[in-house]
Amino acid sequence: MQTSLSENSSFFERIIQIIDYKGIKNVNIFATKCLGYDAPQKINRLKKPENNPSFEILIDIVNKFEEIDANWLLTGRGDMLKSCKQDSNVVALGKDFPSNCEELRDKYIKLLEDYNQLLKSKLNGDSSADKSVS
Numbered sequence: 002m003q004t005s006l007s008e009n010s011s012f013f014e015r016i017i018q019i020i021d022y023k024g025i026k027n028v029n030i031f032a033t034k035c036l037g038y039d040a041p042q043k044i045n046r047l048k049k050p051e052n053n054p055s056f057e058i059l060i061d062i063v064n065k066f067e068e069i070d071a072n073w074l075l076t077g078r079g080d081m082l083k084s085c086k087q088d089s090n091v092v093a094l095g096k097d098f099p100s101n102c103e104e105l106r107d108k109y110i111k112l113l114e115d116y117n118q119l120l121k122s123k124l125n126g127d128s129s130a131d132k133s134v135s
């Protein structure tokens, strides 16, 4: 989901795009739960276009959401997500490929658990385990 807003978008609009991308319910949760601020005012004040984000806010967002491109966050130019350089040895990912690290980690853990169970079955002499190996 690499998206970009126009360069004329406000910093607050870019925050809203991050909130939408991450599935966070609202700005208050983003400020207090995600960034650890005592109150959401640090972020809500950015609704006014004349208010610029502090260095602290910029660093907090970039550190918390490492996949967010700092140049996009600062300027609105480019894609919201950091891009990977295209490598001729890299296969394009299908639509069913996990969209985030947590989902990928969960699928990897499930695969390891299934494989572990298969190995245990083989060690216990379960002949049906041989049929499930492709």
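Using the working numbering, the letters of the sequence shown map in sequence onto residues 2 to 135. C-beta atoms are modelled at their ideal positions from N, C-alpha and C, and glycine is treated no differently.
Query: Taking the straight line between their C-alpha atoms, what separation do you get for Gln87 and Asp80?; Result: Low local confidence applies: a pLDDT of 43 at Gln87 is under 50, so the model's placement there is unreliable, with the coordinate-based value given in what follows. Spanning the two alpha carbons is a distance of roughly 15 Å.
Query: Could you check what DSSP says for Ile69 in three-state terms: helix, strand or coil?; Result: strand
Query: Should Pro50 and Ser11 be called a contact, given that it needs their Cβ atoms to be closer than 8 Å?; Result: yes
Query: Could you tell me whether any Cβ in chain D is nearer than 8 Å to the Cβ of Gly37?; Result: Of the chains in the structure shown, none is chain D; there is only one protein chain.
Query: By how many angstroms is the C-alpha of Leu75 removed from the C-alpha of Leu59?; Result: 8 Å
Query: If we ignore side chains and look at the alpha-carbon of each, how far apart do Ser135 and Leu112 end up?; Result: At Ser135 the pLDDT is 46, less than 50, meaning the model places this residue with poor confidence; the figure from the coordinates comes in the next sentence. Cα to Cα, Ser135 sits roughly 14 Å from Leu112.
Query: By the DSSP assignment, the alpha helix (DSSP H) with Leu119 in it spans what residues?; Result: Cys102 to Leu124
Query: By the three-class DSSP mapping on this structure, what secondary structure does Gln87 have?; Result: In this prediction, Gln87 has a pLDDT of 43, which is less than 50 and means its spatial position is unreliable; what the coordinates show is noted afterwards. The answer is coil: DSSP assigns Gln87 none of H, G, I, E or B.
Query: Give the range of the alpha helix (DSSP H) segment to which Lys23 is assigned.; Result: Phe12 to Lys23
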